[in-house]
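Student: This structure is in structure tokens; I'll ask about it shortly.
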Amino acid sequence: MELHPVQSTGPQETFVLNLGPQHPATHGVLRVKLTMDGEFIKDAVIVAGYVHREHEKMGENRPWDQFLPNTGRIDYLSAMMYTHAYVGAIERACGIEVPPRAEYVRVITSELNRISSHLVWWGAYLLDLGGMTPLLYAFDDREKILDLLEALTGARLTYCYYRVGGLAEDLNEGFVEGTRDFVKEFRPRLKMFRRLVSENIIFRKRVEGIGIIDAEMCRKYGATGPMIRGAGIPYDVRRAEPYSVYPELDFEIPVDPAADSMSRYKVRMEEMEQSLRIIEQCLDRLPDGPVMAKVPRVLKPPEGDFCYATEAARGRFEVRIVSTGKPIAHRVRLRTPCFGNLSLFEEAARGMMLADGIAMMGSLDLVIPDIDR
Amino acid sequence: MNPFPASEYIIPLIFLLFAGATIGGALFAVFTKWIIRSVCGLATASVGLAGMFYFLHSPFLAMIQILIYIGAVCITIVFAIMLAEPDEPQDGYGLHSVPWNVGAGIVAVAVFWGVARLGVTGDWPTPAVRVSDGSVEMIGVALLTTQSLALEIVALILLVSILGALAVARKGRHIE
Amino acid sequence: MNLLEIHQEPAVYLVLAAMLLAIGLFGFIRRNTLVGMLISGELIFGAAMLNLMAVNRFYAPDPTVGHVFVLFVMGLSAAEVAIALSIVIAVYRNYRSIRTSEISEMEG
Amino acid sequence: MSRCPDHLFERFQELFPAMEMDTPAPPEDSVGNEDGADAAEPRLPPPPPCRKTEHAKVGYDLDAIVEPHQIEAAAKLLDAEGFAIDMVTAVDWPDAAQFELVYDFMHFQAATRVCVRTRIPRDRPEIATLSHIYPGANWHERETAEFYGIQFTGHPNPIHLLLPEDFVGYPLRKDFKPQPDPLLEP
Amino acid sequence: MTAAEPIRLLLFLVGAATFVGLNAAYLVWVERKGAGRFQRRAGPTEVGYAGLLQPIADAGKLMSKQLIVPPGADRMLFRLAPVMMMPPAIMAFAILPFSEYLVGIDLNVGLIALFAFSSFNVIAVMLAGWSSRNKYGIISAARVVSQNVAYEIPMMLVIITILMLAGTLSLTGIVDQQAGAFWNWNLFALASNPLMPVTFIIFFVCMLSETNRAPFDMAEAESELVAGAYTEYAGMGFGVFFMAEYANIVIGCAIAVILFLGGWHSPVGVFPGVFWFLLKLYFMVFVVIWVRWTFPRTQFYGLLNLSWKILIPISIFTLLLSAVMIKLV
Amino acid sequence: MKNIFKEVVGGFYSLTVGMGITLREFFRKPVTVHYPRESLKMPERYRSHLIFTSDENGASTCIACNLCVKACPTDCIIVEGEKKEGEKRKSVTKYDLDFTRCSLCGACVEVCPTDAIVFSKRYNLAATDRQQFHIIDLCKDLEERNKKKAR
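Right under this line is the structure:
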């Protein structure tokens, strides 16, 4: 039987377009079921779960500290902050005081990790918009960060560097100098990125006024991170629920009130700048001393619920642990930023054109394992 | 002079190729069930027709034929198809019933017979002395001097048709 | 008729034109959709042009006239297609009465 | 120090007084921890009243426990206060035969976090959905529903979110036994 | 009327076909190498010296692959589409004057013929998208049609500007009229139209759009439409489209060189015409590649806005301006 | 009108700026390393799969205490040992690492009382068959390395 190309699916003459699970714009295995009317998205349904690994269950069936390698694999692009939230929750529960040197190193590595994560986003976003070269430039700089972190932790993505009560190892030789060099080199590169992309008329036309997600929508969906800051609200866990040594550091929370893709873009670009500032301050203040507190061999947090949130690259990452005083967690809940950030896509994409929808999806900065866990 | 100087066999072969393309494309356009294939047939026929024009000493018209028919007419029709035609042709969609088709065939054959007979047996005048060679320059000059009425009329028709098309198409916009 | 000189025979072109006309006519009667009829109409236009050019090539004293008229016909057919397209769109929209404003709003 | 605004705390105290909920004795066939030494411990503490908590100690500023039917009212109150949804999740307490549902809310400007809990019986897990108040709760509830088998009544789209469509079982329940995947065994 | 003439033409066509094939293959190499350099990486290096045999290997791979027609596709049109794409591109090469002597047919309507042949391109891509029964293909087909409709208008207006200067449709005629030093090139014909560089930029933009090159590669926008109209094509079906795309780029650049950069005429003197023509041609190709690896893709309505709101008014203005200037001067 | 003009000119300027940047990059040296021909030095702390350290005799210092087995989050280590005649401690006879499950977290290395296991620096671990990673035999690996050293 011969069939004709377009199958009309109903009286509205819409058709269903499967964006994914393998599609260049979904950055992984995410499926978006779009109901299209021509090039306009009438309806979007997210089908997630292709890389679901049940991390929460894994947290419930092994000793507390053995869950650490998992945390870096939830969002592989900002593994440091995720591990930080988990060890932070246990430290909060057990009342462990982390040595200051460890805290400063945590902040330095987290911020380096944030820059590397944003660089991946920046390149991939431009790739979504059809420009391939920025991706390679971004990876050039990201490689430098990864080299630093690899020398420090031994891995390039899933660092597993933090331990409950401190760090796995002290800084290696050359890390401080290497980081200083990187900060020095990266500032002009950021400027170059701005001139290459941010001011480019084609890029501006693609993202300005596209994908407006206002503060109210973010509130209703629990979207955090650059999403809410791009909607003009200076909400940042580093300031709102201060952790580690962030209260002592001088940095700004970039906001942009336009709430479109461009403002999220600007916020992230500015965040990289602020991260550089944080890193510089931490390097200046880096104290000497141990990097590991005294921690019992077998961790037994007291009974109760404990939350610990960190500002991951994509927004608020929160770990809620429920302890019954045993060496194994009763419940580990991972509240990931992309989950909330993506859940509003269905509503926000309605009525957009396909290319704009992709421009918006890129501006959400998705990491699929972060949604699926 | 023949603009396509060639040896004895190649020329008629190419001519037959183009003639075949014209007639084959036309037949294909008429007989196929899918409207999109019909457009392909029209395109083929246009290419064949362009070849005919080339053989009729007018490469200019040949190129214009391709430019307009492939580049504009076919594209526009495809546009219309994409916008408005149903996707799945049902049985007999777009065609009349069988007796009607038979009637159409009879009419077509009759017309062909009559017109072809007229063309072949017609009492054509002997070729007169050429006053020009039909080059592009001459066409241009003619369009602006002796034949300027035709140019004006075409211009007017195109203007009116564009305005009319806009008017008709825009009118639909407001009907929700 | 010499087969090698077939492209020099006016009758060949005239017969071809007649065939094209007949096919176009057949399609015009046979189809009952607007677009299908439009395509057949274009074939008839083609027949007319071929005829004009054949006569122009072989019998006319001033070949520019034929050119001008073929161009005239082409202009007509282009205009016709434009009109037909707009009518198709209008009919379609009235008939479906959906997605009217979206498709032509290219403002962003 | 708790950063919870006083008026919110008072509202909560007055609207949702301490939940009168008896913790039933563990059923005979309940699946608890494997080693018997811990089974005697009271696993689920009795519900505390609505209280302010210290953020630096536990990570939230207000810990409120409400009756299951009050959860919508609590969410509406928090919505009116301008809170954003943070997460919805459940905790399985098989010994008490209860699910504890935890709703976390955060405030973007006031930097306050509120944790609202409720407890529902394990054998009849039903609770009203919040997705009409917070559309963001939609996904969280779908996730909770598929992992715990809790029914969110009135949920607009109660299908699996992360698990495969044909998955049977509720993986985050304590008594879930995973089926070995024959393809993955070496 | 000698027997040698059609044979010469046939040889030229064969040569053009070979040139198209090799050119496409090596433009892919140039593109990949160029992209590598723009992105500060090496590009292909493994097959042959500096990866020079890479295109041959790719071609071999493509040719040995199975031609797959997806179920439900319109088989005939699906196979016809790549065939429709290629011959017009080769034919166009027969018209291009590479030098005074190296020209297949010196048509006196060469310019129109080039555009006539390039109009096949649109319908072939459209058919490919339509017939493959792929939704991305359909969207791509719709895009390619409206994109080309939008861009042919400013392009034609620009060309009319040039035609008024040259007074002929013949490509060799247009080139000859630019003989002498480089200030005779139409790009610098500021005396007859002070906005000539702007006209050239408009032409270049339209040319990018006609050939579906970034930043106007709406039809195969890989991050939106996977590969657009070519999504379902495998093996040489895709290979033919690929070759034709690159052939079209070369043709587009050749037109730019002929119309604006003085064709085979040397700006300084010595070398034979072919050398200069190819030099200019490949410089233009390099610019096209350079543009592709610099910019993100435009949005679809952005492209239409650019065409209708900016390029068409400017090109009408330059057209009128040069009409007035020619009359006055 | 003025705005449009400004936008067109400004936009065009921004495009030329971008092209200038890419052209500058065009003439700079590539930053990539041509992997199979040249390779980077792995840093000191690089984490690849486990290997045994050896004492001066080339024997492993592992005492088969099973601490690493207990510490492993993914249960990917199997250790067997026996107590040889005349020795105080057990010595290892079998140390299998299931590399398909190993997450390279380093818990085993941290707990090892005799520092018998360390991370290797092997990074080009590609194979055509997943079976090859199910068991990485550390004892055999040590033997082979000893043999190589002897040669």
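Chains as they are written, first to last, in this note's numbering: chain A, 1335 to 1707; chain B, -1 to 174; chain C, 98 to 205; chain D, 320 to 505; chain E, 8 to 336; chain F, 6 to 156. For glycine and all other residues, C-beta sits at the position ideal for the given N, C-alpha and C. Note that the structure is predicted; figures quoted are calculated from it, not measured.
1) Under 8 Å: do the segment 1691 to 1706 of chain A and the segment 1405 to 1425 of chain A share three or more Cβ pairs, one atom per stretch?
2) Just to confirm the assignment, what range does the alpha helix (DSSP H) spanning Ile137 (chain B) have?
3) I want to check one thing, is the minimum distance from the CB of Asp1618 (chain A) to the heavy atoms of the ligand GDP below 8 Å?
4) Any beta carbon of chain H sitting closer than 9 Å to that of Met24 (chain F)?
5) Can the beta-carbon of Met133 (chain E) be found closer than 9 Å to that of Ala236 (chain E)?
6) Along the chain, where does the beta strand (DSSP E) that runs through Phe123 (chain C) open and close?
7) Please list the partners that Val13 (chain F) has in chain E, where partner means a Cβ-to-Cβ separation under 7 Å.
8) Do the CB positions of Gln1615 (chain A) and Asp1584 (chain A) come within less than 9 Å of each other?
9) Quick one: Cα of Ile1424 (chain A) to Cα of Val1498 (chain A), how far?
10) Hey, Leu397 (chain D) and Ala409 (chain D): beta-carbon distance below 9 Å or not?
11) By the 10 Å Cβ neighbour count, where 16 or more other Cβ atoms means buried, how is Met50 (chain B) classified, buried or exposed?
12) Hey, how far is the Cα of Val35 (chain E) from the Cα of Gly1464 (chain A)?
13) Can you find a CB in chain D that lies within less than 9 Å of the CB of Ala1378 (chain A)?
14) Is it buried or exposed, Ile1479 (chain A), if we count other Cβ atoms within 10 angstroms and call 16 or more buried?
15) If we cut at 9 Å on Cβ distances, does Asp1699 (chain A) have a partner in chain E?
16) What residues from the segment 470 to 486 of chain D come within 8 Å of chain A, judged by C-beta to C-beta, listed N to C?
17) Determine the chain F residues that contact Ala49 (chain E) at a beta-carbon separation under 8 Å, and present them in chain order.
18) Closer than 8 Å between beta carbons: that is the criterion. Which residues of the segment 107 to 118 of chain C meet it against chain B?
19) Do Leu318 (chain E) and Ile209 (chain E) have their C-beta atoms closer together than 9 Å?
20) Which class does Phe1374 (chain A) belong to by DSSP, given the choice of helix, strand or coil?
21) Please list, in chain order, the residues of the segment 376 to 404 of chain D that have any C-beta partner in chain A closer than 9 Å.
22) Going by DSSP, which residues form a beta bridge with Gly1638 (chain A)?
23) Relative to the alpha-carbon of Cys1641 (chain A), which residue among A:Asp1371, A:Ala1427, A:Lys1391, A:Pro1397 has its alpha-carbon at the smallest distance?
24) Taking the alpha-carbon positions, what's the Leu17 (chain E) to Gln185 (chain E) distance?
25) Looking at the structure shown, is Met425 (chain D) part of a helix, part of a strand, or coil, going by DSSP?
26) Can at least three beta-carbon pairs, one atom from the segment 1662 to 1682 of chain A and one from the segment 1550 to 1568 of chain A, be found at a separation below 8 Å?
27) What's the gap between the Cα of Ile1562 (chain A) and the Cα of Leu1633 (chain A)?
28) Who are the Cβ neighbours of Ala153 (chain B) in its own chain at under 6 Å, not counting the five residues just before and after it?
29) Could you run through the segment 48 to 69 of chain F and flag, in chain order, every residue whose CB is less than 8 Å away from some CB of chain A?
30) Shortest alpha-carbon distance to Asp515 (chain D) belongs to which of D:Thr463, D:Pro454, D:Gly468, D:Asp423?
31) Report the option in E:Ile14, E:Arg47, E:Leu74 whose CA atom is closest to the CA atom of Gly242 (chain E).
32) What does the Cβ neighbour count give for Glu159 (chain E), buried or exposed, with the cut at 16 atoms within 10 Å?
33) Do Ala1436 (chain A) and Met1694 (chain A) count as a contact pair if the criterion is CB distance below 9 Å?
34) What number of angstroms, rounded off, separates the C-alpha of Met150 (chain C) from the C-alpha of Glu107 (chain E)?
35) Closest to Arg1707 (chain A) by C-alpha separation, out of D:His374, D:Ile384, D:Asp494, D:Leu482, would be which residue?
36) Starting from Cys38 (chain B), trace the alpha helix (DSSP H) in both directions and tell me its first and last residue.
Tutor: Working from what's here:
1) yes
2) To locate residue 137 (chain B), count along the second sequence from 1; it is residue 139. Taken as a continuous stretch (DSSP letters only), the alpha helix (DSSP H) holding Ile137 (chain B) covers 134 to 142.
3) With respect to the ligand GDP, the structure offers nothing, as it holds no ligand at all.
4) Absent from the structure: chain H. Protein chains present are A, B, C, D, E and F.
5) Reading the fifth sequence from its first residue, position 126 is the one you call residue 133 (chain E). Reading the fifth sequence from its first residue, position 229 is the one you call residue 236 (chain E). The answer is yes: Cβ separation under 9 Å.
6) Counting from one through the third sequence, the residue named residue 123 (chain C) turns up at place 26. Looking at the DSSP string, Phe123 (chain C) is not in any beta strand (DSSP E); the run it does join, the alpha helix (DSSP H), is 107 to 127.
7) Taking the first residue of the sixth sequence as position 1, residue 13 (chain F) is located at position 8. Going along chain E in sequence order, the residues near Val13 (chain F) (Cβ under 7 Å) are Ile317.
8) Numbered from its first residue, the first sequence carries residue 1615 (chain A) at position 281. Numbered from its first residue, the first sequence carries residue 1584 (chain A) at position 250. It is a contact, given that the beta carbons lie within the stated cut-off.
9) Locating residue 1424 (chain A) in the first sequence gives position 90, counting from the first residue. Locating residue 1498 (chain A) in the first sequence gives position 164, counting from the first residue. About 7 Å.
10) Locating residue 397 (chain D) in the fourth sequence gives position 78, where the first residue counts as 1. Locating residue 409 (chain D) in the fourth sequence gives position 90, where the first residue counts as 1. Taking 9 Å as the Cβ cut-off, Leu397 (chain D) and Ala409 (chain D) do not qualify as a contacting pair.
11) The count along the second sequence starts at 1 and reaches residue 50 (chain B) at position 52. With 16 or more other Cβ atoms within 10 Å, it is buried.
12) On the fifth sequence, residue 35 (chain E) is found 28 positions in, with the first residue counted as 1. On the first sequence, residue 1464 (chain A) is found 130 positions in, with the first residue counted as 1. Near 18 Å, if we compare the C-alpha coordinates of Gly1464 (chain A) and Val35 (chain E).
13) Here residue 1378 (chain A) refers to the residue found at position 44 when the first sequence is read from its first residue. It does not; no Cβ of chain D falls within 9 Å.
14) Reading the first sequence from its first residue, position 145 is the one you call residue 1479 (chain A). Buried: at least 16 other Cβ atoms inside 10 Å.
15) Looking up residue 1699 (chain A) in the first sequence gives position 365. It does not; no Cβ of chain E falls within 9 Å.
16) His479, Leu480, Leu481, Leu482, Pro483
17) Indexing the fifth sequence from 1 puts residue 49 (chain E) at position 42. Near Ala49 (chain E) (Cβ distances below 8 Å), the residues of chain F are Pro35, Thr37, His39.
18) Pro107, Ala108, Val109, Tyr110, Leu111, Val112, Leu113, Ala114, Ala115, Met116, Leu117, Leu118
19) Locating residue 318 (chain E) in the fifth sequence gives position 311, where the first residue counts as 1. Locating residue 209 (chain E) in the fifth sequence gives position 202, where the first residue counts as 1. The answer is yes: Cβ separation under 9 Å.
20) Taking the first residue of the first sequence as 1, we reach residue 1374 (chain A) at position 40. DSSP places Phe1374 (chain A) in strand when its eight states are reduced to three.
21) Lys376, Val377, Gly378, Tyr379, Asp382, Asp398, Gly401, Phe402, Ala403, Ile404
22) Against the first sequence, residue 1638 (chain A) aligns to sequence position 304. For Gly1638 (chain A), which the question treats as bridged, DSSP gives the partners A:Ser1657.
23) Counting from 1 along the first sequence, the entry for residue 1641 (chain A) is found at position 307. Selected option, being the one with the closest Cα: A:Ala1427.
24) Residue 17 (chain E) sits at position 10 when you count from the first residue of the fifth sequence. Residue 185 (chain E) sits at position 178 when you count from the first residue of the fifth sequence. In a straight line, the C-alpha of Leu17 (chain E) is about 30 Å away from that of Gln185 (chain E).
25) Counting from 1 along the fourth sequence, the entry for residue 425 (chain D) is found at position 106. Met425 (chain D): strand per DSSP, three-state reduction.
26) yes
27) The residue given as residue 1562 (chain A) occupies position 228 in the first sequence. The residue given as residue 1633 (chain A) occupies position 299 in the first sequence. Distance between the alpha carbons of Ile1562 (chain A) and Leu1633 (chain A) is about 36 Å.
28) Taking the first residue of the second sequence as position 1, residue 153 (chain B) is located at position 155. Taken in chain order, the list of residues that qualify is empty.
29) Pro48, Glu49, Arg50, Tyr51, Arg52
30) Not covered by the structure: residue 515 (chain D). The range shown for chain D is 320 to 505.
31) Within the fifth sequence, the letter at position 235 stands for residue 242 (chain E). Nearest option by C-alpha distance: E:Leu74.
32) Looking up residue 159 (chain E) in the fifth sequence gives position 152. Burial call: buried.
33) As a first step, residue 1694 (chain A) is located in the first sequence; it is residue number 360 there, counting from the start. As a first step, residue 1436 (chain A) is located in the first sequence; it is residue number 102 there, counting from the start. Cβ atoms of Met1694 (chain A) and Ala1436 (chain A): not closer than 9 Å.
34) Residue mapping note: residue 150 (chain C) aligns to position 53 of the third sequence, counting from 1. Residue mapping note: residue 107 (chain E) aligns to position 100 of the fifth sequence, counting from 1. C-alpha separation (whole angstroms): 33 Å.
35) For this step, residue 1707 (chain A) is matched to residue 373 along the first sequence. Closest by alpha carbon: D:Leu482.
36) Here residue 38 (chain B) corresponds to residue number 40 of the second sequence, with the count starting at 1. Residues 33 to 53.
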